[in-house]
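Taken in sequence, the protein lines are chains Z and U.
Here the first sequence is numbered in the working numbering, starting from 34 and rising by one per residue.
Here the second sequence is numbered in the working numbering, starting from 4 and rising by one per residue.
Here a beta-carbon is modelled for each residue, glycine too, at the ideal position from N, C-alpha and C.
The structure presented is a predicted model; accordingly, all values stated were derived computationally and were not measured.
Read through the structure below, which is laid out as structure tokens, and then see the notes.
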Amino acid sequence: MPMMPYVSPEQAMKDKADFARKGISRGRSVVALTTASGVLFVAENPSATLHKVSEIYDCIAFAAVGKYNEFEQLRVAGIRLADVKGYQYSRQDVTGRALANAYANAMGATFTDSPKPLEVELVVAEVAAEHVELYHILFDGSITDEDSFVAIGGRAEAINEALGQTYQPDMDRAAALRTTVAALEQVEERTMDADRLEVAGLDRSLGRRKFFRLDERGVAELLDAE
Amino acid sequence: MTDRLARTDPFDYSGSSFSDLIRRISPLDWPGEPAGHLPHVEGTTIVAAVYEGGVVIAGDRRATAGNLISKRDMRKIFQTDRVSAVGISGSAGPAIELAKVFATELEHYEKVEGSELSLEGKANKLASMVRGNLPMAMQGLVIVPLFAGYDRRSEVGRIFDFDVAGGRYEERRFSATGSGGLHARASLKARWERGMGADEAVDLTISALWDAADEDSATGGPDTVRGLYPIVAQIDADGYAEREEDEVAERARQVADARGDRLSAGSAIADRNPRPDAPA
Chain Z
34 MPMMPYVSPE
44 QAMKDKADFA
54 RKGISRGRSV
64 VALTTASGVL
74 FVAENPSATL
84 HKVSEIYDCI
94 AFAAVGKYNE
104 FEQLRVAGIR
114 LADVKGYQYS
124 RQDVTGRALA
134 NAYANAMGAT
144 FTDSPKPLEV
154 ELVVAEVAAE
164 HVELYHILFD
174 GSITDEDSFV
184 AIGGRAEAIN
194 EALGQTYQPD
204 MDRAAALRTT
214 VAALEQVEER
224 TMDADRLEVA
234 GLDRSLGRRK
244 FFRLDERGVA
254 ELLDAE
Chain U
4 MTDRLARTDP
14 FDYSGSSFSD
24 LIRRISPLDW
34 PGEPAGHLPH
44 VEGTTIVAAV
54 YEGGVVIAGD
64 RRATAGNLIS
74 KRDMRKIFQT
84 DRVSAVGISG
94 SAGPAIELAK
104 VFATELEHYE
114 KVEGSELSLE
124 GKANKLASMV
134 RGNLPMAMQG
144 LVIVPLFAGY
154 DRRSEVGRIF
164 DFDVAGGRYE
174 ERRFSATGSG
184 GLHARASLKA
194 RWERGMGADE
204 AVDLTISALW
214 DAADEDSATG
224 GPDTVRGLYP
234 IVAQIDADGY
244 AEREEDEVAE
254 RARQVADARG
264 DRLSAGSAIA
274 DRNPRPDAPA
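Written out as structure tokens, the structure is:
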């Protein structure tokens with residue numbers, strides 16, 4: 034009988050975590066931040082069609098970095114969970130917390146059970162009447178909630194640090210975008226033109242569906258507005 | 004992750020359909036077949052008319068069970084996405100449920116696919132859902148929606164009506180459905196004009212509903228005592244917008260006044276017969 038080489042659980046978990054971190058750090062970052070009217074997502078994303086930010090439900094949005102096919106599956110699974118729950122019970126019973134927990138469970142289980150962990154990091158955001166909930170979920174299923182801003186992906190740590198210096202609560206959409214772009218430019222050491230940016234978010238002044246997405250012109254207008 | 008997220012085949016064409024999903028994962032939530040012919044709430048007139056750049060859809064508010072009025076303030080026009088709406092006729096319970104599933108279906112598709120269905124695609128999806136209701140229809144729970152929307156590609160308002168078996172028919176000018184549909188259609192036919200504006204189309208639909216209510220006991224006319232008026236919605240490039248109740252009340256009053264003037268002008272007969280009980 035052939036002998037399997039022994040690998041300790043500690044070593045196996047460490048290897049998986051290193052593998053996932055490495056995969057995620059290759060991708061560009063996404064920033065989510067609380068603004069006066071809701072939440073804003075800013076991502077450096079040269080593709081105009083393959084999105085990193087998506088609508089999940091009336092007041093819930095999703096942003097991801099890492100392997101596209103993996104977070105795309107998570108995104109669709111989230112939409113399914115939300116739509117089924119809202120249909121079976123009531124639209125108001127669909128919460129960002131429940132969705133974030135589902136993601137954390139699925140990602141944690143995959144990290145433990147599967148030989149290859151997900152190379153994905155997520156933010157789930159929900160806007161309520163007064164506040165915003167931001168959930169940050171890592172490849173191993175660990176979950177934290179943030180109240181002001183969070184960057185995920187390649188240069189997350191540096192961007193978080195840069196934003197920490199400049200972030201103000203209750204910025205309007207334009208100010209929040211400019212602040213975030215300045216932080217991204219500082220960290221990446223290159224300019225971020227409107228055509229390289231994916232900007233979307235949740236705005237509580239909108240109707241039932243609070244998700245919005247800005248096109249290139251909309252982004253350029255906000256960047257130029259002073 | 005495979006089993007935990009209930010992953011489906013990436014080439015599964017039903018992957019972005021909400022109604023297929025709910026039927027697969029939770030069949031009990033899908034309306035079942037009734038055991039027999041049950042008493043249920045019905046009665047409706049829904050009208051729609053195309054105008055230059057959009058479409059108006061309107062419905063009365065009465066629901067009946069047999070010869071009784073069971074509701075006077077029912078909503079029969081449901082917005083289904085930014086640029087479309089359905090008016091429901093037939094059994095109220097299943098019909099409202101159909102409108103709800105259909106609206107979820109359109110939103111689900113849009114979120115999963117990242118783009119909206121074409122108006123044609125929406126109408127076809129609704130047709131297949133009506134067809135799916137055929138076993139219930141055979142037992143008396145008939146649903147016949149009227150679908151109206153703005154087609155972003157051709158930039159016109161479009162109307163689709165359906166038969167019980169899921170047949171889908173596009174109407175180029177106007178359509179009506181429900182118990183008072185026959186009378187409403189005659190009214191629309193007499194007054195519809197090419198190149199009408201939105202306000203004229205609104206007046207036209209209110210007028211058609213008035214005619215239907217005048218002839219059909221299952222269709223409710225304007226209820227001035229309770230302040231209940233038809234729901235009238237306009238759909239164009241700016242999306243779905245319902246007319247304010249005060250405005251509909253005013254327009255309904257003008258229609259009623261105009262009819263009143265015309266009908267009471269039958270005084271020629273009164274002149275011939277001075278006493279109402281006198282034989283002619």
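Every unbroken alpha helix (DSSP H) within the segment 82–117 of chain U, with a cutoff of 4 residues, ordered by chain: 95–116
Does the Cβ of Z/L83 have 16 or more other Cβ atoms within 10 Å, making it buried, or fewer, making it exposed? Translated into positions along the first sequence, residue 83 of chain Z becomes position 50. Answer is exposed; the Cβ neighbour count stays below 16.
Tell me, please, which residues DSSP counts as bridged to U/L266. Here residue 266 of chain U corresponds to residue number 263 of the second sequence, with the count starting at 1. The partner list for U/L266 (beta bridge, DSSP) is empty, contrary to what the question assumes.
Any residues in the segment 66–81 of chain Z with a beta carbon nearer than 8 Å to a beta carbon of chain C? Which ones, in chain order? Absent here is chain C; the protein component of the structure consists of chains Z and U.
Spell out whether any CB of chain Z is found under 8 Å from the CB atom of U/K125. The residue given as residue 125 of chain U occupies position 122 in the second sequence. Answer no: the Cβ-Cβ gap between U/K125 and chain Z never drops below 8 Å.
Starting from U/Y16, follow the beta strand (DSSP E) in both directions and report where the run begins and ends. Counting from 1 along the second sequence, the entry for residue 16 of chain U is found at position 13. Counting along the chain, U/Y16 falls outside any beta strand (DSSP E), and DSSP gives it neither H nor E.
Closest Cβ-Cβ distance between Z/Q125 and chain U: below 8 Å? In the first sequence, the residue the question calls residue 125 of chain Z occupies position 92. So, not an interface residue.
With distance defined between alpha-carbon atoms, name the residue in Z/Y168, Z/S80 and Z/V157 nearest to Z/D248. Start at 1 with the first residue of the first sequence, and residue 248 of chain Z comes out as number 215. Out of Z/Y168, Z/S80 and Z/V157, Z/S80 has the C-alpha closest to the C-alpha of Z/D248.
Contacting residues, own chain, Cβ-Cβ under 7 Å from U/F2 (five flanking each side not counted): It is not possible to answer for residue 2 of chain U, since the shown part of chain U is limited to 4 through 283.
What did DSSP end up calling Z/R246 once you bin it into helix, strand or coil? Numbered from its first residue, the first sequence carries residue 246 of chain Z at position 213. Of the three classes helix, strand and coil, the one that applies to Z/R246 here is strand, per DSSP.
Extent of the continuous alpha helix (DSSP H) run through Z/Y136: For the purposes of this step, residue 136 of chain Z is taken as the residue at position 103 of the first sequence. G129 to D146 is the extent of the alpha helix (DSSP H) around Z/Y136.
For Z/P40, count the other beta carbons within 10 Å of its own beta carbon; 16 or more makes it buried, fewer makes it exposed. Which is it? As a position in the first sequence, residue 40 of chain Z is number 7, starting the count at 1. Checking the sequence, you will find Val at residue 40 of chain Z rather than Pro. Z/V40 is exposed by the Cβ-count criterion.
How would you write the range of the beta strand (DSSP E) that Z/E231 sits in, first residue to last? Position 198 of the first sequence, counted from the start, is the residue given in the question as residue 231 of chain Z. Run containing Z/E231: L230 to D236, per the beta strand (DSSP E) assignment.
Can you give, in chain order, each stretch of the alpha helix (DSSP H) that sits fully within the segment 107–186 of chain U and has at least 4 residues? 122–135 and 137–141
I want to verify the contact list: residues of chain Z whose CB lies under 9 Å from the CB of U/L24, in sequence order. As a position in the second sequence, residue 24 of chain U is number 21, starting the count at 1. What U/L24 touches in chain Z: R113, D116 and V117.
If you count every other CB in all the chains shown that lies within 10 Å of the CB of Z/E163, and 16 or more means buried, which is it? As a first step, residue 163 of chain Z must be located in the first sequence, where it is residue number 130. Answer is exposed; the Cβ neighbour count stays below 16.
I want to verify the contact list: residues of chain U whose CB lies under 7 Å from the CB of Z/E88, in sequence order. Walking along the first sequence from the start, residue 88 of chain Z turns up at place 55. The contacting residues are K114.
Endpoints, the alpha helix (DSSP H) within which U/K79 is located: For this step, residue 79 of chain U is matched to residue 76 along the second sequence. From DSSP, U/K79 is part of no alpha helix (DSSP H); its letter is neither H nor E.
Report back the beta-carbon spacing between U/W213 and U/G224 to the nearest angstrom; my notes put them in contact at under 8 Å. By one-based count along the second sequence, residue 213 of chain U stands at place 210. By one-based count along the second sequence, residue 224 of chain U stands at place 221. Between U/G224 and U/W213 the Cβ distance is about 6 Å, and since that is below 8 Å, they are a contact.
Would DSSP call Z/S87 helix, strand or coil? Translated into the one-based positions of the first sequence, residue 87 of chain Z becomes position 54. In this structure, Z/S87 counts as strand in the three-state DSSP scheme.
Alpha carbons only, please: which of U/F150, U/R26 and U/E247 is nearest the one belonging to U/I60? Mapped onto the second sequence, residue 60 of chain U falls at position 57. When each option's Cα is compared against that of U/I60, the closest is U/F150.
Classify Z/A115 as buried or exposed, calling it buried when 16 or more other Cβ atoms lie within 10 Å of its own Cβ. Mapped onto the first sequence, residue 115 of chain Z falls at position 82. So Z/A115 counts as buried.
Cα separation between Z/Y101 and U/A244? As a first step, residue 101 of chain Z is located in the first sequence; it is residue number 68 there, counting from the start. As a first step, residue 244 of chain U is located in the second sequence; it is residue number 241 there, counting from the start. When rounded, the distance between both Cα atoms is 38 Å.
Alpha carbon of U/G135 to alpha carbon of U/G169, nearest angstrom: For the purposes of this step, residue 135 of chain U is taken as residue 132 along the second sequence, with counting starting at 1. For the purposes of this step, residue 169 of chain U is taken as residue 166 along the second sequence, with counting starting at 1. Distance between the alpha carbons of U/G135 and U/G169: 8 Å.
Compare the C-beta of Z/E101 against all C-beta atoms of chain U and say whether one is closer than 8 Å. Taking the first residue of the first sequence as position 1, residue 101 of chain Z is located at position 68. Reading the sequence as shown, one finds Tyr at residue 101 of chain Z and not Glu. Taking Cβ atoms only, chain U never reaches closer than 8 Å to Z/Y101, which makes this a no.
Find the residues of chain Z that neighbour U/I28, judging by a C-beta separation of less than 8 Å, and give them in chain order. By one-based count along the second sequence, residue 28 of chain U stands at place 25. Those within 8 Å of U/I28 in chain Z are V117.
Under a Cβ-count criterion, where at least 16 other Cβ atoms within 10 Å of its own Cβ denotes burial, should U/A38 be classed as buried or exposed? Numbered from 1 along the second sequence, position 35 holds the residue referred to as residue 38 of chain U. Note that U/A38 has pLDDT 48, beneath the 50 cutoff, so the model's placement of it is unreliable and no number is given.
Please compile the residues from chain U whose C-beta is within a distance smaller than 7 Å of the C-beta of Z/Y168. For this step, residue 168 of chain Z is matched to residue 135 along the first sequence. The contacting residues do not exist; Z/Y168 stays about 18 Å from chain U at best.
Within chain Z, the residues that U/F150 reaches when beta carbons sit closer than 8 Å: Taking the second sequence and counting its residues from 1, the one referred to as residue 150 of chain U is at position 147. Here the premise fails: no neighbours, minimum Cβ distance about 20 Å.
Is Z/A253 closer than 8 Å to Z/A227 when the C-beta atoms are compared? Here residue 227 of chain Z is taken as the residue at index 194 of the first sequence, counted from 1. Here residue 253 of chain Z is taken as the residue at index 220 of the first sequence, counted from 1. For Z/A227 and Z/A253, yes; Cβs fall inside 8 Å.
Compute the Euclidean distance between the alpha carbons of Z/L151 and Z/G187, then round it to the nearest angstrom. What you label residue 151 of chain Z is simply residue 118 of the first sequence in a count that begins at 1. What you label residue 187 of chain Z is simply residue 154 of the first sequence in a count that begins at 1. Going by the C-alpha atoms only, they are around 15 Å apart.
Locate the beta strand (DSSP E) running through Z/F172, then write down its first and last residues. Residue numbering aside, residue 172 of chain Z sits at position 139 when the first sequence is read from its first letter. That residue, Z/F172, is in no beta strand (DSSP E); it is neither H nor E in DSSP.
On a CA-only basis, which of U/R156, U/S182 and U/I209 is nearest U/L191? Give me that one, please. Numbered from its first residue, the second sequence carries residue 191 of chain U at position 188. When each option's Cα is compared against that of U/L191, the closest is U/I209.
Assess, as a yes-or-no matter, whether the segment 168–185 of chain Z is touched by the segment 136–150 of chain Z under the definition of 3 or more beta carbon pairs within less than 8 Å. yes
In the DSSP assignment, find the beta strand (DSSP E) that holds U/L207 and state where it starts and stops. As a working note, residue 207 of chain U is residue 204 in the second sequence. Unbroken run through U/L207 is the alpha helix (DSSP H), A201 to E218; no beta strand (DSSP E).
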